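A.B. asks: Residue numbers (this note's numbering): -14 to 339. In this text, a Cβ means the ideal position worked out from N, Cα and C, and glycines have one as well. Note that this is a predicted model, so its numbers are computed, not measured.
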Amino acid sequence: MRQATVYIDREALQYNLNRVKQLAPTAQIVSMVKANAYGHGVKDCLAALSGTDAFGVACLEEALEIRELGYQQPITLIEGIFSEDEMQVVIENNIECIVHHQQQLDWLRAHKQAYIGKNLKVWVKLNSGMNRLGFKVPEIIDVINSLKAEGFTCVLAMHFANADADHPLNEQQKSQFLQVKEACAPIMGSCCNSAAIYKWPELNFDFVRPGIMLYGASPFADRSAHDLDLKPVMTFTAEIIALNHIQAGEHVGYGSTFTADKEMDLAIVSIGYGDGYPRAFPKQNYVAINGQETRVIGRVAMDMIAIDVTGIDAPIGTEVELWGKNRLVDDVAEANGTIGYELLCRLSARPIRK
Ligand SMILES: Cc1ncc(COP(=O)(O)O)c(C=O)c1O
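#1: Can you tell me whether Pro195 sits near ligand 1, meaning its C-beta is under 7 Å from at least one heavy atom of the ligand?
#2: In this structure, how does DSSP classify Ala142 when only helix, strand and coil are distinguished?
#3: Would Phe192 pass as a contact of Val15 if the rule is Cβ separation under 8 Å?
#4: Return the residue from the list Met173, Gln161 and Ser160 that minimises the CA-CA distance to Ala139.
#5: Is the closest heavy atom of ligand 1 to the C-beta of Gly41 under 7 Å?
#6: Could you give the first and the last residue of the continuous beta strand (DSSP E) run that contains Lys268?
#7: If we ignore side chains and look at the alpha-carbon of each, how far apart do Ser35 and Gln(-1) end up?
#8: Taking 8 Å as the threshold (C-beta atoms), are Tyr262 and Val285 in contact?
#9: Taking just the CA atoms, how far does Tyr(-8) sit from Glu248?
#10: Within 7 Å: the Cβ of Ile226 and any heavy atom of ligand 1?
#11: Let's see if you can read the secondary structure: which residues bound the beta strand (DSSP E) around Phe190?
#12: Nearest to Val27 by alpha carbon, out of Lys6, Gln13 and Glu50?
#13: Can you have a look at Pro336 and say buried or exposed, based on whether 16 or more other CB atoms are within 10 angstroms of its CB?
#14: Per DSSP, which residues does Cys177 bridge with? Please list them.
#15: Quick one: give me the first and last residue of the alpha helix (DSSP H) that Gly41 is part of.
#16: Is the segment 276 to 290 touching the segment 251 to 262, taking contact as three or more C-beta pairs under 8 Å?
#17: If you follow the alpha helix (DSSP H) that Arg52 is part of, which residue opens it and which one closes it?
#18: Below 8 Å, can you find three or more Cβ-Cβ pairs linking the segment 177 to 191 to the segment 1 to 20?
#19: So, at 8 Å on beta carbons, what are the nonlocal neighbours of Ile66 in its own chain, with the 5 sequence-adjacent residues on each side left out?
#20: Between Ile226, Thr61, Ala291 and Ala334, which lies nearest to Phe243 when the distance is taken from Cα to Cα?
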């Protein structure tokens, strides 16, 4: 059987959740489990996240999956509902909405009694300069104050565009958030994703919304998961299925893009872009064998890659770590010109999941 495998380490997930608790001890934790728990498999992850206060997802279907699996914690739809008919289902299933435009407010008000009757919070989204979702200042102040006057319990919500970096917009976003929070006091607040949880403990407020850090990857380009004391949750492996000894001048793989400059041993590993392993690597990429890194050579194909095993004891059947505890997903992503989030989310259905 082909052994391309995704292992999920539930203890690592619990460890990372505890890291959130250490960093934001007074806030409630809304664990972001959208996109199938960042590609890790929502079912496995929910079981390991029993210590969380709530879940965050991107759409009603993701929220209903959590309810169908039997979890009763609050759930927030971080983009709200997409049409009015979803409101009934939201209320029946105790799901909370973000509102970020007038139509969503109208839908909410049309179902006001039922929504309030279930004690569901309304998350009102501030657009403080990211310019994706939300009401701007000063409109949001009127929106929140009217909702409060109508009996809704509100949470002021915002998302940073550059929490992972030093950017002048950070100060604008922070100050607008604080301005609105003061103008609408008393009101609960939520603006921290993983990077912000690390960088701005003073902004943790009532609810933090960690995503990537739960899965043991880094939100920062210049700080690794190890630096942040996070444990990688996903280990992605495949097996060596063939060995070749080649001479200087011989080529490897499609396009013959790799030419050996000396005699070498190479191994063929049963993994490819058909599994979600990326194809384009502008920079040299590596895999790990028993903790030792070795380079990937030639092009990634749909089902196979070639790696350099010169001087490495790696017979057929050897397990190769594509990413995990030794070869961090963020480093693979960096070589691929992307971020760990994307690689984790875009695995295909083909690898076996354990
Ligand atoms: C609104 C919102 N909050 C929190 C998060 C979690 O972010 P991160 O995975 O960087 O912690 C996301 C992720 O995209 C988000 O969209």
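C.D. replies: So, to answer that:
#1: On the sequence shown, residue 195 is found 210 positions in, with the first residue counted as 1. At least one heavy atom of ligand 1 falls within 7 Å of the beta-carbon of Pro195.
#2: Your numbering for residue 142 matches position 157 in the sequence shown. The answer is strand: DSSP assigns Ala142 an E or B state.
#3: What you label residue 192 is simply residue 207 of the sequence shown in a count that begins at 1. What you label residue 15 is simply residue 30 of the sequence shown in a count that begins at 1. If you check the CB distance, Phe192 and Val15 come in under 8 Å.
#4: Indexing the sequence shown from 1 puts residue 139 at position 154. For the sequence presented, residue 139 should be read as Cys rather than Ala. Cys139 has its Cα closest to that of Met173, out of Met173, Gln161 and Ser160.
#5: Within the sequence shown, numbered from 1, the residue matching residue 41 stands at position 56. The closest heavy atom of ligand 1 lies less than 7 Å from the beta carbon of Gly41.
#6: Working through the sequence shown from its first residue, we reach residue 268 at position 283. Where Lys268 is concerned, there is no enclosing beta strand (DSSP E), because DSSP gives it neither an H nor an E.
#7: Your numbering for residue 35 matches position 50 in the sequence shown. Your numbering for residue -1 matches position 14 in the sequence shown. Roughly 9 Å between the two C-alpha positions.
#8: Taking the sequence shown and counting its residues from 1, one reaches residue 285 at position 300. Taking the sequence shown and counting its residues from 1, one reaches residue 262 at position 277. Contact: yes.
#9: Indexing the sequence shown from 1 puts residue 248 at position 263. Indexing the sequence shown from 1 puts residue -8 at position 7. Separation of Glu248 and Tyr(-8) (C-alpha to C-alpha, rounded to the nearest whole angstrom) is 35 Å.
#10: Residue mapping note: residue 226 aligns to position 241 of the sequence shown, counting from 1. Result no, Cβ not under 7 Å from ligand 1.
#11: The residue you call residue 190 lines up with position 205 of the sequence shown. Unbroken run through Phe190: none, as it is neither H nor E.
#12: Position 42 of the sequence shown, counted from the first residue, corresponds to residue 27. It is Glu50 whose Cα lies nearest to the Cα of Val27.
#13: Looking up residue 336 in the sequence shown gives position 351. By the Cβ-count criterion, Pro336 is buried, with 16 or more other Cβ atoms from all chains shown falling within 10 Å of its own Cβ.
#14: Taking the sequence shown and counting its residues from 1, the one referred to as residue 177 is at position 192. Beta-bridge analysis with DSSP links Cys177 to Val193.
#15: In the sequence shown, counting from the first residue as 1, residue 41 sits at position 56. In this chain, Gly41 is not harboured by any alpha helix (DSSP H); it is covered by the beta strand (DSSP E) spanning Ala39 to Val42.
#16: Touching, yes, given that three or more Cβ pairs across the two stretches are closer than 8 Å.
#17: Translated into the one-based positions of the sequence shown, residue 52 becomes position 67. Unbroken alpha helix (DSSP H) run through Arg52: Leu45 to Glu53.
#18: Yes: the two stretches touch, three or more of their Cβ pairs being nearer than 8 Å.
#19: Mapped onto the sequence shown, residue 66 falls at position 81. Result list for Ile66: Leu45, Met72, Val75, Cys82, Gln89 and Trp92, in chain order.
#20: The residue you call residue 243 lines up with position 258 of the sequence shown. Ranking Ile226, Thr61, Ala291 and Ala334 by CA distance to the CA of Phe243 puts Ala291 first.
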